[in-house]
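Right, one structure below, let's go through it.
In the UniProt record's numbering, the protein residues as written are 1 to 333.
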């Protein structure tokens, strides 16, 4: 495993982390034993950066992770997130009618204790605000998070899907170590002003969905997704954009095959090639895909390779938004 530095902390994290959401939530039926086996395999392969959130299956994902985290605490850098809450107690995705965001100091103090209890640890290594609450000044949210650092409940602070302006405001209250935002060859929003801002401030970018939610592997399987799979709600899997994305996936996969790799590995290698200050966290619940993801750290992309990928993206530009309209209202705030 190759390692990368986390911000200005001196922490050395695996160049590819592990997103754990799909083990309990959003991507079809859960399989606890398979997930636990995958967590153990991640440890064996040197993946020491694991990511979860309190909203994933309403805390069940944190409980699942604790079964491997607790006996291996010194080997794992654990990140979790707070903020999304469910009006009826039923877990759903960020844009669902029953889901809302709460970045209040009052909720933060409750949320961190609940996460610590579920994870069965004393300190969270990296604690993110899952979004920026549009109704509460970011300074208030981060001020409350900073208190958690003083209390020893949290080591480092992060934001997710925050605007450059919010990041600057937050960083003045307490150093922000990482920004978690969606970033892939299909989702490059952060390149405009966010990535330059965090590089100026020494903040690491932690891309989630760096494989574009596996689109290059599963775009032809959308009809087989179960009702519990939230990708069915995403514009990129809808009829208006489906043909474009199927054609794009076909050509990306053909190009990847010419290099002896899979399309998903090419997509992850592209993210890794954008800078040493970027640590992607592709999610999986299966050992097979975990191993494929890790292998991407050894894929070198030439200038010509990157130009070929760009040309394919220009050839099929109608990829669609990454989220539904409701979810998009909560990004880049």
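Beta carbons are placed, not taken as given, at the ideal position from N, Cα and C, and that holds for glycine.
Keep in mind it's a predicted model, so treat the numbers as computed, not measured.
So residue 166 packs on residue 132, CB below 8 Å; how close in whole Å? 5 Å
Kindly indicate if chain D contains any beta-carbon less than 8 Å away from that of residue 87. Absent from the structure: chain D. Only one protein chain is present.
Restricting to runs no shorter than 4 residues, where is the alpha helix (DSSP H) found entirely within the segment 269-325? 287-295 and 303-315
Judging by CA-CA distance, which residue of 42, 86, 296 and 38 is the nearest neighbour of residue 56? 86
Kindly confirm or deny that the segment 102-113 and the segment 136-152 touch, where touching means at least three C-beta pairs closer than 8 Å. yes
Measure the CB-CB distance between residue 296 and residue 268 and report whether it falls below 8 Å. yes
Pick helix, strand or coil for residue 75, following the three-state DSSP scheme. helix
To the nearest angstrom, how far is the alpha carbon of residue 129 from that of residue 239? 33 Å
According to DSSP, is residue 44 helix, strand or coil? helix
What residue range does the beta strand (DSSP E) around residue 158 cover? 154-160
Give the single residue among 163, 195, 65 and 327 whose Cα lies nearest to the Cα of residue 276. 195
According to DSSP, simplified to helix, strand and coil, what is residue 264? helix
Taking the alpha-carbon positions, what's the residue 288 to residue 16 distance? 15 Å
Could you check where the alpha helix (DSSP H) with residue 241 kicks off and where it finishes? 239-258
Classify residue 274 as buried or exposed, calling it buried when 16 or more other Cβ atoms lie within 10 Å of its own Cβ. buried
Helix or strand or just coil, what does DSSP make of residue 25? coil
If I measure Cβ to Cβ from residue 1 and keep anything under 6 Å in the same chain, skipping five residues before and after, which residues do I get? 14 and 46
How about residue 80 and residue 53: are their beta carbons less than 8 Å apart? yes
Counting pairs of beta carbons, one from the segment 171-186 and one from the segment 65-73, are three or more of them closer than 8 Å? no
Local Cβ density within 10 Å of residue 262, reported as buried at 16 or more and exposed below that: buried
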